[in-house]
Amino acid sequence: MEFERIPTVPTADEVLDRSFRRAAAKMRLKANKNRANEDFVKAVSSAVHDRLVHVIQSFPIFEDQTPFYRDTVEALFGIERLKMALGNVGWAAMHTKRMGFEHGGKRIRWAEDTAAMRKKAVARIASIVHQVDKDLRFLNDVRNVLRKLPEVKDDEFTVVIAGYPNVGKSSFIKLVSSAEPEVASYPFTTKGVILGHRYMGRKRIQFLDTPGLLDRPEEERNAIEEQAISAVVNSAHLILFILDPSEYCGYPIEDQYRLLETVRAMVSVPVIVVSNKADIKGGDGLSMSTATGEGVDEVLALILSQYREPAPAPAKDATGEEAEDGAAVEGWETGLWSSGEDEMDEQDHPED
1 MEFERIPTVP TADEVLDRSF RRAAAKMRLK ANKNRANEDF VKAVSSAVHD RLVHVIQSFP
61 IFEDQTPFYR DTVEALFGIE RLKMALGNVG WAAMHTKRMG FEHGGKRIRW AEDTAAMRKK
121 AVARIASIVH QVDKDLRFLN DVRNVLRKLP EVKDDEFTVV IAGYPNVGKS SFIKLVSSAE
181 PEVASYPFTT KGVILGHRYM GRKRIQFLDT PGLLDRPEEE RNAIEEQAIS AVVNSAHLIL
241 FILDPSEYCG YPIEDQYRLL ETVRAMVSVP VIVVSNKADI KGGDGLSMST ATGEGVDEVL
301 ALILSQYREP APAPAKDATG EEAEDGAAVE GWETGLWSSG EDEMDEQDHP ED
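288 is the number that UniProt numbering gives to position 288 of the sequence shown; each next residue is one higher, with no gaps.
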């Protein structure tokens, strides 16, 4: 998964410490003090610039992500806020590079006191980097969450399992999966996402259960959870809603049917309804028992009959709308990560 490859984002002090060490090593090789001071400034500015650019380029372009990841990132952090943080880091990279050009050439070489000029230039570079320390720390927090997200692929047929807690959702996934289901971290759920797979020849079907999301009435969910549900629903090609007519799950059947209607209202994909725990009490229509395995094959056969090849998700532009050809985001250097200011003084703090 692309998010797993995002390296740890350094703090401002870590960026500077590493850059100073590299520059000091080069400075010791110079016999001429004036030239050494000049090269030190150049080396610091170059190292800081390269490290900050590496931070920016290590993050994926979020509009290019699948609906599941795009909506999840929006719910967790806000894509615009992420762009602003990356833009601020880009601002710092640009200005540290400028400092190297302005203070690392003849201006410092022919100065009366090159050591003082070097200290002044380095202090200004440090000031610029510290202005984006908050952004660097935020980006590292983002990185720590994103790299643990479940790997939900948009090119695989995805079945989202819904229903109240304890109706047998995770048991069903375990029964129909070709291997032991994966339990992955997902910030909106109480127990993590349960992700199972079943092979159909060379193709795979994904089964996804998100405890704590599609198992509660709408009025009990907050705005962030609604956005998270959108991420899950947008990834679904089919919803399997599991009922428990025995009510051993702890929820009246009337409440379960109300939740079913809520789920139906929020999706545009087929919804298959099945009653579980048929060994205790049978339900209307399709039924099964995940305890005995009775009826599970029939439910799986019905799911497989709905299989279709997933269509690729359209690219989105910065507003979240479908992008025209050639309008997809290409990278921070095109101006996407601009903080909104054409020119910023080195002492100005970029917007948070």
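By construction, the Cβ of each residue, glycine as well, lies at the ideal position given by its N, Cα and C atoms.
Per DSSP, the bridge partner or partners of residue i
i    : result
E182 : L195
L240 : I161, I272
Helix, strand or coil at residue i [DSSP, three-state]
i    : result
V160 : strand
R21  : helix
Q256 : helix
R264 : helix
S275 : strand
M200 : strand
I205 : strand
I128 : helix
F59  : coil
S289 : coil
V9   : coil
F3   : helix
D317 : Because the pLDDT of D317 is 40, which lies under 50, any placement of that residue in the model is unreliable, and the question is left without a value.
G100 : helix
D284 : coil
T210 : coil
G87  : helix
L146 : helix
F68  : helix
N166 : coil
D155 : coil
S177 : coil
E298 : helix
R51  : helix
F172 : helix
A36  : helix
F138 : helix
R118 : helix
Which listed residue (the options) has its alpha carbon closest to that of residue i
i    : options                : result
A121 : P211, N276, D39, S230  : D39
D279 : D133, L302, E247       : E247
N144 : I6, S289, P310, D284   : I6
P60  : N222, I205, A231, E2   : E2
R204 : E225, E156, K281, S287 : E156
S170 : R308, P211, E74        : P211
Check whether residue i and residue j have beta carbons under 8 Å apart
i    : j    : result
K277 : A291 : yes
I56  : H95  : no
V48  : N140 : no
P165 : I173 : no
D154 : T66  : yes
V299 : V267 : no
D19  : R70  : Correcting the residue identity first, residue 19 is Ser in this sequence and not Asp. No, they are not a contact pair.
V263 : V176 : no
V53  : A93  : yes
V193 : Y186 : yes
R147 : E4   : yes
V160 : L195 : no
L136 : V167 : no
I303 : L240 : yes
A16  : A184 : According to the sequence displayed, residue 16 carries Leu and not Ala. Going by C-beta atoms, L16 is not nearer than 8 Å to A184.
T114 : S235 : no
V132 : A228 : no
Whole-angstrom C-beta distance between residue j and residue i, which should lie under 8 Å
i           : j    : result
L149        : F188 : Actually they are not in contact, since the Cβ atoms of L149 and F188 sit about 11 Å apart, beyond 8 Å.
residue 375 : V269 : Within the shown structure, residues of the chain are numbered from 1 to 352, placing residue 375 beyond reach of any answer.
A258        : P217 : Sequence check: residue 258 is Arg here, not Ala. About 7 Å separates the two Cβ atoms, so the contact holds.
Q206        : V142 : Actually they are not in contact, since the Cβ atoms of Q206 and V142 sit about 25 Å apart, beyond 8 Å.
S45         : K97  : 6 Å
L82         : F62  : 7 Å
N37         : M117 : 7 Å
S287        : S305 : Between S305 and S287 the Cβ distance is about 17 Å, and since that is not below 8 Å, they are no contact.
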